[in-house]
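To keep things clear, I will list the structure first and then write my remarks on it.
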Amino acid sequence: MSFSELDWLLLIFAFIGAFSLMVFGQLMAAVIIIILMLGAVAIDQTQTPHHPRRPAM
174 MSFSELDWLL LIFAFIGAFS LMVFGQLMAA VIIIILMLGA VAIDQTQTPH
224 HPRRPAM
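Following the numbering used here, the numbering of the sequence shown begins with 174 at its first residue and continues without gaps.
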């Protein structure tokens, strides 16, 4: 069973989110997670310009 890069990113975000939840509290952790996710989306779009867009939820 091998992790893809996306799985590792999600795992790292989960750890960072849980850690910041303990350290900073709920609101700050939510802000940090949102910033990280926006950064990951921006990186994903610059890395894979030809990737088909996923349908919005």
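All residues carry an ideal CB built from backbone N, CA and C; glycine is no exception.
8 Å Cβ cutoff met for residue i and residue j
| i | j | result |
| --- | --- | --- |
| ILE189 | LEU209 | yes |
| SER193 | ILE207 | no |
| MET182 | ALA215 | Checking the sequence, you will find Leu at residue 182 rather than Met. No, Cβ-Cβ distance for LEU182 and ALA215 is not below 8 Å. |
Classification of residue i by the beta-carbon crowding that lies within 10 angstroms, buried from 16 upward
| i | result |
| --- | --- |
| GLU178 | exposed |
Nearest-angstrom Cα separation, counted from residue j out to residue i
| i | j | result |
| --- | --- | --- |
| ALA203 | LEU184 | 16 Å |
| MET195 | GLN220 | 32 Å |
| ALA187 | GLN218 | 21 Å |
| LEU200 | ASP180 | 25 Å |
Could you tell me which uninterrupted alpha helix (DSSP H) segments, each at least 4 residues in length, are contained entirely in the segment 176-216, listed from first to last along the chain?
-> Runs of the alpha helix (DSSP H) inside the segment 176-216: 178-197.
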